[in-house]
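Report on the following structure.
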Amino acid sequence: GLFQETRKEGCDLVGSSIRDSVISLEDGVAEATLADIDVNSSLLDSLETNLFKTAARVAACPEIAGQFAVVVGQIREAVKSSSVSWDITSNETRQRLYRLLYGSRTALEEVLVQAPDSVDALQLFDVPPAATPSAVVQGVRIHSGDILVSRGGYPTSALISRGSDFPGNFSHVALAHVNEAGEVSVIEAHIEVGVTVASAEKYLADKKLRLMVLRLRKDIPQIMENPDLPHQAAQYAMDRTAAGHIPYDFSMNYEDPSRLFCSEVASDAYGHVGVDLWMGISTISSPGLRSWLSAFGVEYFETQEPSDVEYDPQVQIVAEWRDHEALINDRIDNAVVDAMLEGAERGDRLGYPWYELPVGRIAKIYSRVANMFGQVGPVPEGMSATAALRNKSYTATHQRLAGIVAEEAGAFRVANGYEPPYWQLVEIARNVVEGD
Numbered sequence: 006g007l008f009q010e011t012r013k014e015g016c017d018l019v020g021s022s023i024r025d026s027v028i029s030l031e032d033g034v035a036e037a038t039l040a041d042i043d044v045n046s047s048l049l050d051s052l053e054t055n056l057f058k059t060a061a062r063v064a065a066c067p068e069i070a071g072q073f074a075v076v077v078g079q080i081r082e083a084v085k086s087s088s089v090s091w092d093i094t095s096n097e098t099r100q101r102l103y104r105l106l107y108g109s110r111t112a113l114e115e116v117l118v119q120a121p122d123s124v125d126a127l128q129l130f131d132v133p134p135a136a137t138p139s140a141v142v143q144g145v146r147i148h149s150g151d152i153l154v155s156r157g158g159y160p161t162s163a164l165i166s167r168g169s170d171f172p173g174n175f176s177h178v179a180l181a182h183v184n185e186a187g188e189v190s191v192i193e194a195h196i197e198v199g200v201t202v203a204s205a206e207k208y209l210a211d212k213k214l215r216l217m218v219l220r221l222r223k224d225i226p227q228i229m230e231n232p233d234l235p236h237q238a239a240q241y242a243m244d245r246t247a248a249g250h251i252p253y254d255f256s257m258n259y260e261d262p263s264r265l266f267c268s269e270v271a272s273d274a275y276g277h278v279g280v281d282l283w284m285g286i287s288t289i290s291s292p293g294l295r296s297w298l299s300a301f302g303v304e305y306f307e308t309q310e311p312s313d314v315e316y317d318p319q320v321q322i323v324a325e326w327r328d329h330e331a332l333i334n335d336r337i338d339n340a341v342v343d344a345m346l347e348g349a350e351r352g353d354r355l356g357y358p359w360y361e362l363p364v365g366r367i368a369k370i371y372s373r374v375a376n377m378f379g380q381v382g383p384v385p386e387g388m389s390a391t392a393a394l395r396n397k398s399y400t401a402t403h404q405r406l407a408g409i410v411a412e413e414a415g416a417f418r419v420a421n422g423y424e425p426p427y428w429q430l431v432e433i434a435r436n437v438v439e440g441d
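Each step along the sequence shown adds one to the number in the numbering used here, with nothing skipped, and position 259 is 264.
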């Protein structure tokens with residue numbers, strides 16, 4: 006591939022050519038920004054091709070990785086701006102957005118894993134401030150109503166982010182609320198306790214491998230008419246959470262507001278004030294994946310996946326964070342899940358040791374009693390004993406396989422002098438899973 010070819014040629018020889026490629030990308034972005042680009046535009050085709058070719062070469066010779074990262078950010082902003090006029094429900098639009106938003110992130114991260122100090126962990130985008138109350142958190146100005154999209158560091162987080170017709174990078178959605186005093190609260194749904202409100206500090210303390218901040222565009226009709234609308238949505242979510250317990254929605258039925266999974270916290274709040282998020286509904290089609298998710302209690306396969314809110318043209322990207330160590334772990338977890346899901350398509354099923362079922366049922370009974378008194382038991386409310394046992398077994402299997410893949414990836418790095426590209430990491434994971 007281009008990455009290996011560029012390494013063989015040597016950066017001294019091809020450095021100027023790579024710089025020319027980045028400049029060409031900059032010119033393409035400038036043209037795309039000035040024009041009213043159709044989703045099927047040949048300019049976007051050219052931008053895609055040049056982006057991925059240039060990424061492979063910059064990963065091999067990362068001296069201008071910082072400049073490349075800026076261009077990738079400009080591409081994402083241009084695509085988000087153009088998508089306002091696209092039909093978000095069409096498959097061609099979904100595929101274009103996926104290739105250019107998910108694809109550009111993946112391309113940049115191939116560079117980041119090879120050159121960890123070449124680009125800042127925090128990437129800020131040129132987005133105008135909202136009219137709602139705000140506060141600075143970890144170098145980012147957060148406005149009330151901002152949507153926080155993150156990737157947890159758990160095996161189930163990897164399954165959530167990859168388990169879609171459009172595998173993504175994120176597993177969790179939360180909603181920020183900022184009061185007039187500048188105090189930041191985060192409303193989110195957890196499988197263990199349902200919907201809760203946490204401080205910004207507590208939210209950030211929970212293990213995260215990446216984090217993205219999204220904000221509603223100022224030029225959508227609802228915001229132009231009422232600039233305070235995002236704060237009203239966040240306040241509604243705060244008030245509803247304070248009014249009574251909201252259980253977690255394991256079925257992923259976004260049309261039933263009585264129970265909420267993480268994405269629904271944002272969509273329910275914004276729906277209350279007249280903004281329908283996830284304009285392109287997520288789909289889960291593959292039989293193997295459906296079977297696995299059903300084993301955890303999922304019943305609806307047209308839903309609101311956390312990763313897919315980024316593709317909604319009503320929102321803009323404010324900031325994105327990931328560091329090198331977190332990114333390495335993220336990629337390993339993804340590769341293992343991707344390989345395990347290939348097994349699911351071949352007929353692999355989620356199971357658990359039969360002898361754990363009696364204890365699991367007792368734990369569920371205990372949990373029900375604890376829930377009656379407002380306490381949290383070992384089995385989450387709304388999850389069956391068998392689903393909890395499958396979750397436990399899946400988690401243990403994923404962690405074990407990820408440990409082996411990490412060792413194999415380390416051996417690859419020592420032997421070759423560079424981190425395995427993602428396709429190579431998936432191949433390593435595939436061999437580990439098939440040999441398990």
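All C-beta atoms, glycine included, are put in the ideal place defined by N, C-alpha and C.
Worksheet entry | Classification of G150 by the beta-carbon crowding that lies within 10 angstroms, buried from 16 upward | Along the sequence shown, one-based indexing puts residue 150 at 145. When all chains shown are included, G150 counts as buried.
Discussion item. Tell me the DSSP secondary structure of A300 in three-state form.
Written reply: Mapped onto the sequence shown, residue 300 falls at position 295. Of the three classes helix, strand and coil, the one that applies to A300 here is helix, per DSSP.
Worksheet item: Around the Cβ of M229, are there at least 16 other Cβ atoms within 10 angstroms (buried) or fewer (exposed)?
Response: Start at 1 with the first residue of the sequence shown, and residue 229 comes out as number 224. M229 is exposed by the Cβ-count criterion.
Discussion item. Rounded to the nearest angstrom, what separates Q240 and A271 at their Cα positions?
Written reply: Stepping through the sequence shown from its first residue, residue 240 is reached at position 235. Stepping through the sequence shown from its first residue, residue 271 is reached at position 266. About 11 Å.
Worksheet item: Do R327 and A136 have their CB atoms nearer than 8 Å?
Response: Looking up residue 327 in the sequence shown gives position 322. Looking up residue 136 in the sequence shown gives position 131. Not a contact, by the Cβ cut-off of 8 Å.
Practice prompt. Could you spell out the range, first to last residue, of the alpha helix (DSSP H) harbouring A126?
Written response: Start at 1 with the first residue of the sequence shown, and residue 126 comes out as number 121. Taken as a continuous stretch (DSSP letters only), A126 belongs to no alpha helix (DSSP H), as it is neither H nor E.
Worksheet item: Do you know offhand how far R435's Cα is from G187's?
Response: Looking up residue 435 in the sequence shown gives position 430. Looking up residue 187 in the sequence shown gives position 182. Whole-angstrom Cα-Cα distance: 48 Å.
Worksheet item: How about E325 and Q128: are their beta carbons less than 8 Å apart?
Response: The count along the sequence shown starts at 1 and reaches residue 325 at position 320. The count along the sequence shown starts at 1 and reaches residue 128 at position 123. Cβ atoms of E325 and Q128: closer than 8 Å.
Worksheet item: Between Q72, Y371, N334 and Y360, which lies nearest to G408 when the distance is taken from Cα to Cα?
Response: Along the sequence shown, one-based indexing puts residue 408 at 403. The candidate whose alpha carbon is nearest that of G408 is N334.
Practice prompt. Find out if the Cβ-Cβ distance for the pair I225, Q319 is shorter than 8 Å.
Written response: Taking the first residue of the sequence shown as position 1, residue 225 is located at position 220. Taking the first residue of the sequence shown as position 1, residue 319 is located at position 314. Yes, Cβ-Cβ distance for I225 and Q319 is below 8 Å.
Item to complete: Within its chain, find whatever has a CB closer than 7 Å to the CB of E413; leave out the 5 residues flanking it on each side and keep chain order.
Response: To locate residue 413, count along the sequence shown from 1; it is residue 408. Result list for E413: I433 and V437, in chain order.
Fill in: Per-residue burial, W359 [other beta carbons within 10 Å of its own, 16 or more giving buried]
As a first step, residue 359 is located in the sequence shown; it is residue number 354 there, counting from the start. That one is exposed.
Worksheet item: Which residue spans inside the segment 180 to 258 form an unbroken beta strand (DSSP E) run of at least 3?
Response: 189 to 195, 199 to 204 and 213 to 221
Item to complete: Could you check if L113 is buried or exposed, using at least 16 other CB atoms within 10 Å of its CB as the buried criterion?
Response: Translated into the one-based positions of the sequence shown, residue 113 becomes position 108. It counts as buried.
Worksheet item: Can you check whether the CB of T161 is closer than 8 Å to the CB of T308?
Response: What you label residue 308 is simply residue 303 of the sequence shown in a count that begins at 1. What you label residue 161 is simply residue 156 of the sequence shown in a count that begins at 1. No, the pair does not count as a contact, with Cβ atoms beyond the cut-off.
Item to complete: Determine the direct distance from the alpha carbon of S47 to that of S190, and round the result to whole angstroms.
Response: Translated into positions along the sequence shown, residue 190 becomes position 185. Translated into positions along the sequence shown, residue 47 becomes position 42. Rounded to whole angstroms, S190 to S47 spans 44 Å at the Cα level.
Discussion item. I'd like to check one pair, M243 with H182: are the Cβ atoms closer than 8 Å?
Written reply: Reading the sequence shown from its first residue, position 177 is the one you call residue 182. Reading the sequence shown from its first residue, position 238 is the one you call residue 243. Contact: yes.
Worksheet entry | Selection from R220, S90 and V303 that minimises the alpha carbon distance to A238 | Your numbering for residue 238 matches position 233 in the sequence shown. Nearest option by C-alpha distance: R220.
Worksheet item: Any idea if A378 is buried or exposed, counting beta-carbon neighbours within 10 angstroms, 16 or more meaning buried?
Response: Taking the first residue of the sequence shown as 1, we reach residue 378 at position 373. Contrary to the premise, residue 378 reads as Phe rather than Ala in this sequence. Looking at its Cβ environment, which holds fewer than 16 other Cβ atoms inside 10 Å, F378 is exposed.
Item to complete: Going by CA-CA distance only, name the one from G356, D131 and F171 that's closest to S299.
Response: On the sequence shown, position 294 is the one that residue 299 refers to. Nearest C-alpha to S299: G356.
Discussion item. Runs of 4 residues minimum, wholly inside the segment 137 to 179: which ones carry the alpha helix (DSSP H) assignment?
Written reply: 160 to 167
Discussion item. Rounded to the nearest angstrom, what separates A35 and C267 at their Cα positions?
Written reply: Position 30 of the sequence shown, counting from 1, holds the residue named residue 35. Position 262 of the sequence shown, counting from 1, holds the residue named residue 267. One C-alpha to the other measures close to 37 Å.
Practice prompt. Could you check the C-alpha separation between E361 and A274 for me, to the nearest Å?
Written response: Start at 1 with the first residue of the sequence shown, and residue 361 comes out as number 356. Start at 1 with the first residue of the sequence shown, and residue 274 comes out as number 269. Distance between the alpha carbons of E361 and A274: 40 Å.
Worksheet item: Just how far apart, CA to CA, sit P363 and M345?
Response: As a position in the sequence shown, residue 363 is number 358, starting the count at 1. As a position in the sequence shown, residue 345 is number 340, starting the count at 1. Going by the C-alpha atoms only, they are around 28 Å apart.
Worksheet item: Who pairs with S287 in a beta bridge, going by DSSP?
Response: Here residue 287 refers to the residue found at position 282 of the sequence shown. S287 is bridged to T308.
Item to complete: Helix, strand or coil for W91, going by three-state DSSP, please let me know.
Response: Position 86 of the sequence shown holds residue 91. Reduced to three states, the DSSP call for W91 is coil.
Worksheet item: Hey, would you say F73 sits closer than 8 Å to V27, going by beta carbons?
Response: For the purposes of this step, residue 73 is taken as the residue at position 68 of the sequence shown. For the purposes of this step, residue 27 is taken as the residue at position 22 of the sequence shown. Contact flag set, yes.
Practice prompt. Return yes when the Cβ of S123 is within less than 8 Å of the Cβ of G71, no when it is not.
Written response: Locating residue 71 in the sequence shown gives position 66, where the first residue counts as 1. Locating residue 123 in the sequence shown gives position 118, where the first residue counts as 1. It is a contact, given that the beta carbons lie within the stated cut-off.
Worksheet item: At a cut of 8 Å, does the segment 83 to 102 reach the segment 136 to 146 through at least three beta carbon pairs?
Response: no
Discussion item. Comparing C-alpha positions only, which one of V431, D353, A248 and Y423 sits nearest to A340?
Written reply: Position 335 of the sequence shown, counted from the first residue, corresponds to residue 340. Answer by Cα proximity: V431.
Practice prompt. Using a Cβ-Cβ cut-off of 8 Å, state whether K13 counts as contacting chain C.
Written response: In the displayed structure, chain C is absent; only one protein chain is listed.
Worksheet item: So what does E325 bridge to, in DSSP terms?
Response: Residue mapping note: residue 325 aligns to position 320 of the sequence shown, counting from 1. Paired residue(s): Q128 and M217.
Worksheet item: Hey, out of C16, L105 and R215, whose CA is closest to N55's CA?
Response: As a working mapping, residue 55 is identified with position 50 in the sequence shown. Measuring from the Cα of N55, the nearest candidate turns out to be L105.
Item to complete: Using only alpha-carbon positions, find the residue among A392, G365 and E315 that is nearest to S256.
Response: Taking the first residue of the sequence shown as position 1, residue 256 is located at position 251. Cα-wise, what sits closest to S256 is A392.
Item to complete: Could you spell out the range, first to last residue, of the alpha helix (DSSP H) harbouring D273?
Response: Reading the sequence shown from its first residue, position 268 is the one you call residue 273. Start and end: C267 to H277.
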